[in-house]
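Novice: Residues in the sequence shown are numbered from 243 upward in steps of one, following the working numbering.
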Amino acid sequence: MSEKRVYTFGNGKAEGNAKMREELGGKGANLAEMNLIGVPVPPGFTITTSCCNEYYEVGQEKIKEILQDEVNAAVKHTEELMNSKFGDVKNPLLVSVRSGARASMPGMMDTILNLGLNDEVAEGLVAKTNNPHFVYDSYRRFVQMYGDVVLEMKPVNKEDIDPFEEIIESVKAERGVKLDKDLSVEELKKLVSLFKTAIKERTGKDFPNDPIEQLWGAICAVFRSWMNERAILYRKMEGIPDEWGTAVSVMAMVFGNMGDTSATGVCFSRDAGNGENLFNGEYLVNAQGEDVVAGIRTPQQITKIGSQRWAERAGISEEERAAKYPSMEEAMPEIYAQLNDLQDKLEKHYHDMQDMEFTVQEGKLWFLQTRNGKRTGTAMVKIAIDLLHEGMIDEKTAILRCEPQKLDELLHPVFDKLALQKAKVITQGLPASPGAACGQIVFHADDAQAWHADGHKVIMVRIETSPEDLAGMASAEGILTARGGMTSHAAVVARGMGKCCVSGAGGINVDYKAKTVEIDGVVYKEGDYISLNGTTGQVYAGEVPTKAAELSGDFKELMDLCDKYTKLQVRTNADTPHDAQVARDFGAKGIGLTRTEHMFFEDKKIVAMREMILSETVEGREKALAKLLPYQKADFKGILEAMDGCPVNIRLLDPPLHEFVPHDLAGQQIMADEMGVDIATIQRRVASLAENNPMLGHRGCRLGITFPEITAMQTRAILSAACELKKEGKDPKPEIMVPLIGILYELKQQKEIIQKTAKEVFAEYGVEIEFEIGTMIEIPRAALTADRIATEAEYFSFGTNDLTQMTFGYSRDDIASFLPVYLDKKILKVDPFQVLDQKGVGQLIKMAVEKGRGVRPSLRCGICGEHGGEPSSVKFCAKIGMNYASCSPFRVPIARLAAAQAAVEE
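1) With Arg704 as the anchor, note down where its beta strand (DSSP E) starts and where it stops.
2) Per DSSP, Leu1017 is paired with what?
3) Would you kindly work out how many angstroms separate the C-alpha atoms of Glu988 and Leu475, rounded to a whole number?
4) For Ala954, which residues from the same chain have a beta carbon less than 7 Å from its beta carbon, with the 5 sequence-adjacent residues on both sides left out?
5) Can you look up Ala1232 in the DSSP assignment and give me helix, strand or coil?
6) Taking DSSP as the reference, what is the three-state secondary structure of Leu986?
7) Does the pairing of the stretch 853-860 with the stretch 909-919 give three or more beta-carbon distances under 8 Å?
8) Checking contacts by CB at 9 Å: is Phe1004 closer than that to chain C?
9) Is it a yes or a no for the stretch 1132-1141 touching the stretch 1107-1124, going by three-plus beta-carbon pairs under 8 Å?
10) What separation, rounded to the nearest whole angstrom, lies between the Cα atoms of Leu649 and Asp513?
11) Considering Val248, what are the terminal residues of the alpha helix (DSSP H) in which it resides?
12) If I measure Cβ to Cβ from Pro405 and keep anything under 7 Å in the same chain, skipping five residues before and after, which residues do I get?
13) Is it true that the stretch 331-345 meets the stretch 360-370, where meeting means three or more beta-carbon pairs spaced less than 8 Å apart?
14) Would you tell me roughly how many angstroms separate the C-alpha atoms of Tyr578 and Asn775, rounded to the nearest one?
15) Using the Cα positions of Thr814 and Lys798, report the straight-line distance between them to the nearest angstrom.
16) Mind checking whether Gln992 and Val980 have CB atoms under 9 Å apart?
17) Near Met1048, which residues of its chain fall below 7 Å by C-beta distance, leaving aside the five closest residues on each side in sequence?
18) Tell me which same chain residues have a C-beta within less than 7 Å of the C-beta of Thr503, skipping the five on either side of it?
19) Return the chain-ordered ranges of every beta strand (DSSP E) run that is complete within the stretch 386-461 and spans a minimum of 3 residues.
20) Return the residue from the list Leu425, Glu554, Gly615, Phe497 that minimises the CA-CA distance to Cys509.
21) So, is Arg472 buried or exposed, given that buried needs 16 or more other C-beta atoms within 10 angstroms?
22) DSSP beta-bridge partners for Ile289?
23) Given that a residue counts as buried once 16 or more other Cβ atoms are within 10 Å of its Cβ, and exposed if not, what is Gly1096?
24) Just verifying my parser: in three-state terms, what is the DSSP assignment at Val645?
25) Specify the secondary structure class of Thr729 as computed by DSSP and reduced to three states.
26) So, at 8 Å on beta carbons, what are the nonlocal neighbours of Glu1147 in its own chain, with the 5 sequence-adjacent residues on each side left out?
27) Mark Asn962 as exposed unless 16 or more other C-beta atoms lie within 10 angstroms of its C-beta, in which case mark it buried.
28) Who does Gln302 pair with in a DSSP beta bridge?
29) What would DSSP say about Ser773, mapped onto helix, strand or coil?
30) Thinking just about the alpha-carbon of each residue, which of Lys1067, Glu1108, Lys1121 is nearest to the one in Gln1085?
31) Assign Gln310 to buried or exposed, taking buried as 16 or more other Cβ atoms, counted over all protein chains shown, within 10 Å of its Cβ.
32) For the structure I just gave you, are there three or more beta carbon pairs, one from the stretch 622-636 and one from the stretch 584-593, closer than 8 Å?
33) Which of the three DSSP states, helix, strand or coil, is assigned to Trp608?
34) Counting only the same chain and skipping the five closest in sequence on each side, list residues whose C-beta sits under 7 Å from that of Thr778.
35) Mapping DSSP to helix, strand and coil, what is Cys1129?
36) Give the straight-line distance between the Cα atoms of Leu871 and Ile833, rounded to the nearest whole angstrom.
Encoded structure:
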């Protein structure tokens, strides 16, 4: 028997069911299921998703040949149930043709209504219904939709009005009417004729009269719409694979435009914006489905309470509301009661919030679709916890119901929704760090600090950022860069700070000299206001008001549930006491990475740091390090205190030294004066530090090996801070991490310095601190020889940013030049700096964990790269038995949820 490609449904029976989403798509599977549970659904059939892939393989003519017999049989089945005939002049059946992938993609693909009409069928339908206005309204809608979707008569460019709307507007203007529904029968007939003429002129194609030809045109157009631009973009954003394809559902038409006892609407069993358990939705009397969705006419509310809330917001009195804009509950009470019962039945059946479409035809209610509704992060958490309390789902299901990434929306400032609708988008970049930010443009870090100190809110606009911009970034509300990807410096640091950031906005031209940025031909000067949406990557002109995110009791309850099931702990990457406290409040169980280099970019510290680097003798370096010691000790003390009782993993100095030295004349002069040498000496030393490939150069443990005094100073600062805290009755738990180890002997050499310094410090303070010495596994050789390295290391922390860089041979800072092409050509599915490459980098990590524990069974392993907050990467870490994942403070809840899901899914 050949493969079944078409599944019928209708009259309480169906060949499919809700479990067949992969074959029938979400819409087709749910239409079948609704039939089986007694929800009134017009009969029809669904063509499977695999036929969509076949369409792209074999083409339009061949797919028609393959499907012909099954589709003809399914049309016959629908005709029998509707007691009418497709294409018949006296008793015609009309159908709708709709898309439906297995993942919900609202509005991304195409739909055609009223299919099966031609001039003769229209006349027959008039005779049957005695309602010519309804018939010709349906006919002009069909020609318009078919002309747009199948025959591709669309606006020439984005500034043009839709060609069909242009014709409608001119006919309405002639008559002096405002609404489509006020056009007379003769005018609707005129529209049909004008539409067909325009289609022939614009596309060179005749409008097909044969209903069977119309049907095949529509089916193939829905398959084509799977690859339209907006569908491709939506799939990219939502991580939906191209190979899933869309199903096509063909259903008998039911009509909401047959007069005042007919209506159409969309409703939700709960509020998709805030999660409130309140049935809500909109409807239109005497209309078809696309009228509600397209916003051509202002729809009315389904429930009375919804209607009253709407009127209050719109400033409309209760009298006017009840008279002009009644809810369905008031205007059609019997239908409303049925609708309310059915939405409740569907929510209880699916155990989730439902998004439903319905039509009322002359007083009879029909459901056209139901699906689990899209919702905001806030609503997601509230609905999951409410359904748990209502006994509809269990604890594990509540955890699995929440998408980790969507928690982001709850943690950052947000734009006021109404203000956003009026805002003007001026450019688009990458949504590098979520949230909402609004402020005045500044171009330099020092200006950002100065403006911020004067009480201004600023957006720092840069071509790209470097560690030297850190103070400016800390002062800014948000960061906008022309270059750099989702893991660029700006993006990584901004996420760590919980700052909004849009990176890689290629459409902006920054002129540092003139202090201007040109966007799409408009020049913005320093001090002009712009707003950034770090969740979408959009940039708006002017000020768009923001409001702080508020965390609810539901959020806390979800996090407590996560703790109940999780096995993998979540730590944070934090370089300041403030960040450490934020992360602790979000439930971090310690610090997985403190980067000591970020502490050096403040005025006095940077001068001492530069003096140490530029000194040509050990004595000179030690003198400068003695100046740095108290600063470092104070920094470490603050962080250890904020994380009292929790482990704090501190990485010794890692970046290449050239990042710290002054490259401008003024900065070089300051260092010459400070060190009592001439500027030429400073310039010579700066030049000598330049490297061809600094990321593979003199950095990480190589610094501590060539300048052991740096390791000694940092160890002294860490352990002195811990000793002081212990004397104050606190419980500090420092861990000292040696970065960028490739060879066992590098770790051995550094460990000796750390242990020697520790003895000296403990003798000075008269107290001892328990601490561990571990290493960062970020060079492939370290992973390959992990069994040897584990003989000296007490823990492994995997630095997946560098490990990814060195495994792929991709420079993290330059990948943006070819990554879009790699993604487009499907060489890579995702950016490996955002989502851990489990097949390559992941295998190195898995092997290193196994080899290390083979030698040291108690070896603690964690991950501290940017991947530590990415859900699929966190789940991988849990699966291979890691102890913790560490991520930026604002990603801690995301990682906690992902870790709990990994435990539940096991």
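No residue lacks a Cβ here, since even glycine has one placed at the ideal position from N, Cα and C.
Just so it is clear, the structure is predicted and the values come from calculations on it, not from any experiment.
Specialist: Looking at the atomic coordinates:
1) 700-704
2) Reading off the sequence shown, one finds Thr at residue 1017, where the question assumed Leu. Bridge partners of Thr1017: Val980, Phe1038.
3) 47 Å
4) Ile995, Thr999
5) The chain is shown from 243 up to 1148; residue 1232 falls before or after that span and cannot be answered.
6) helix
7) yes
8) Of the protein chains in this structure there is only one, and it is not chain C.
9) yes
10) 18 Å
11) Here Val248 belongs to no alpha helix (DSSP H); instead the beta strand (DSSP E) covers 248-252.
12) Met395, Pro397, Ala440, Arg444
13) yes
14) 39 Å
15) 18 Å
16) yes
17) Ile1021, Pro1022
18) Glu604, Gly605
19) none
20) Gly615
21) exposed
22) Val248, Val490
23) exposed
24) For the sequence presented, residue 645 should be read as Glu rather than Val. Residue state, collapsed to three classes: coil.
25) Per-residue confidence for Thr729 stands at a pLDDT of 49, beneath the threshold of 50, marking its modelled position as unreliable; no derived number is given.
26) Leu642, Lys1117
27) Residue 962 is actually Ser in this sequence, not Asn. Per the 10 Å Cβ criterion, buried.
28) According to DSSP, Gln302 bridges with nothing at all.
29) strand
30) Lys1121
31) exposed
32) yes
33) strand
34) Pro673
35) strand
36) 22 Å
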